[in-house]
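I have placed the structure first, in the form of structure tokens, so that the comments after it can refer back to it.
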Amino acid sequence: MVTEIADFGVTFVDIGGFTAMIDIPELSWRPIDHPSDVVTVGQEISAEILGIDMTRECVTLSLKALQDDPMPQLIQQVGHVVTGVVTKLVPFGVFVRIEDRKNGFEGLVPTTELSEEPVADPEDVIQVGASLAVKILDVDPTRRRITLSHLQALAHGKA
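Quick note on numbering: the sequence shown equals residues 1 to 159 in UniProt numbering.
This is the structure we're talking about:
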């Protein structure tokens with residue numbers, strides 16, 4: 001049972017009178033902002049034991065180890081055009097959430113794939129929260145990266 005959710009990202013779980021912990025990366029395959037996005041205090045959970053440190057009297061657990069990674073399913077979407085929400089602007093491009101859900105996967109549209117004109121600052125082209133049509137170019141489940149193109153989505157629409 002979940003006994004505490006710490007602000008620094010560790011969730012503490014009572015496993016028969018002994019406290020174990022789950023770090024943020026082991027809570028979900030999907031991106032999350034806070035452990036409370038996945039678990040609540042008092043919730044009964046099933047988790048896999050990742051390790052036992054007898055010296056520190058620490059047990060580490062994983063929730064995601066008992067779940068299928070949804071990212072490989074996205075490989076089937078390569079080549080498709082989708083509309084997503086811009087979630088973040090960075091000097092080298094924009095991140096777009098390509099799944100219609102709060103914790104959906106995000107991909108990067110590099111500045112070279114954002115506009116036909118050279119883009120010095122993505123903010124000159126688009127804002128966070130805007131909808132953007134993108135073509136899914138590549139899904140790398142190992143590196144957990146998705147590459148997108150707005151230009152190719154536009155060209156796809158003209159075909």
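We put the beta carbon where it would ideally sit given N, CA and C, even for glycine. Bear in mind the structure is a predicted one, so any value in this text is a computation, not a measurement.
Discussion item. Buried or exposed, going by whether 16 or more other CB atoms sit within 10 Å of the CB of H34?
Written reply: Within the sequence shown, the letter at position 34 stands for residue 34. It is exposed - the Cβ of H34 has fewer than 16 other Cβ atoms within 10 Å.
Practice prompt. To the nearest angstrom, report how far apart Q77 and I32 are at their CA atoms.
Written response: Numbered from 1 along the sequence shown, position 77 holds the residue referred to as residue 77. Numbered from 1 along the sequence shown, position 32 holds the residue referred to as residue 32. Whole-angstrom Cα-Cα distance: 22 Å.
Item to complete: Assign A159 to buried or exposed, taking buried as 16 or more other Cβ atoms, counted over all protein chains shown, within 10 Å of its Cβ.
Response: Taking the sequence shown and counting its residues from 1, one reaches residue 159 at position 159. For A159, the pLDDT reaches just 45, beneath the cut-off of 50, and the residue's location in the model is therefore unreliable, although a value from the coordinates is still provided. The residue in question, A159, is exposed, as its Cβ has fewer than 16 Cβ neighbours within 10 Å.
Practice prompt. Can you give me the Cβ contacts of V119 inside the same chain, cut-off strictly under 7 Å, excluding the 5 residues immediately before and after it?
Written response: Taking the first residue of the sequence shown as 1, we reach residue 119 at position 119. These residues qualify, in order along the chain: T111, V125.
Fill in: Unbroken stretches of the beta strand (DSSP E), 3 residues or longer, contained in the segment 107–158
Here the runs fully enclosed are 131–140, 145–149.
Worksheet entry | Cα-Cα separation between L66 and E117, rounded to whole angstroms | The sequence position of residue 66 within the sequence shown is 66, counting from 1. The sequence position of residue 117 within the sequence shown is 117, counting from 1. Approximately 46 Å, taken between the alpha carbons.
Worksheet entry | CB of Q43 within 8 Å of CB of M1, strictly | Mapped onto the sequence shown, residue 43 falls at position 43. Mapped onto the sequence shown, residue 1 falls at position 1. A distance below 8 Å separates the beta carbons of Q43 and M1.
Worksheet entry | Where A47 sits in the DSSP three-state scheme | Numbered from its first residue, the sequence shown carries residue 47 at position 47. Secondary structure of A47 (DSSP, three-state): coil.
Worksheet item: Residues in its own chain within less than 8 Å of V13 by CB, not counting five upstream and five downstream?
Response: Position 13 of the sequence shown, counted from the first residue, corresponds to residue 13. Taking V13 as the centre and dropping the five residues before and after it, the same chain places the C-beta of M1, V2, T3, T19, A20, M21, I22, I45, A47, L61 closer than 8 Å to its C-beta, in chain order.
Discussion item. If I follow the unbroken alpha helix (DSSP H) through L74, where does it start and stop?
Written reply: Translated into the one-based positions of the sequence shown, residue 74 becomes position 74. Where L74 is concerned, the enclosing alpha helix (DSSP H) starts and stops at 71–74.
Discussion item. Which of the three DSSP states is assigned to A20 in this structure?
Written reply: To locate residue 20, count along the sequence shown from 1; it is residue 20. In this structure, DSSP gives A20 an extended state, which the three-state scheme calls strand.
Worksheet item: Nearest to T83 by CA position, among I5, V39, R97, is which residue?
Response: Here residue 83 refers to the residue found at position 83 when the sequence shown is read from its first residue. Ranking I5, V39, R97 by Cα distance to T83 puts R97 first.
Discussion item. Is the separation between the beta-carbon of V59 and that of I75 shorter than 8 Å?
Written reply: Indexing the sequence shown from 1 puts residue 59 at position 59. Indexing the sequence shown from 1 puts residue 75 at position 75. No, Cβ-Cβ distance for V59 and I75 is not below 8 Å.
Discussion item. Within a Cβ cutoff of 8 Å, which residues of the same chain sit near V41, ignoring the five residues on either side of it in sequence?
Written reply: By one-based count along the sequence shown, residue 41 stands at place 41. Cβ within range, chain order: V2, T3, E4, I5.
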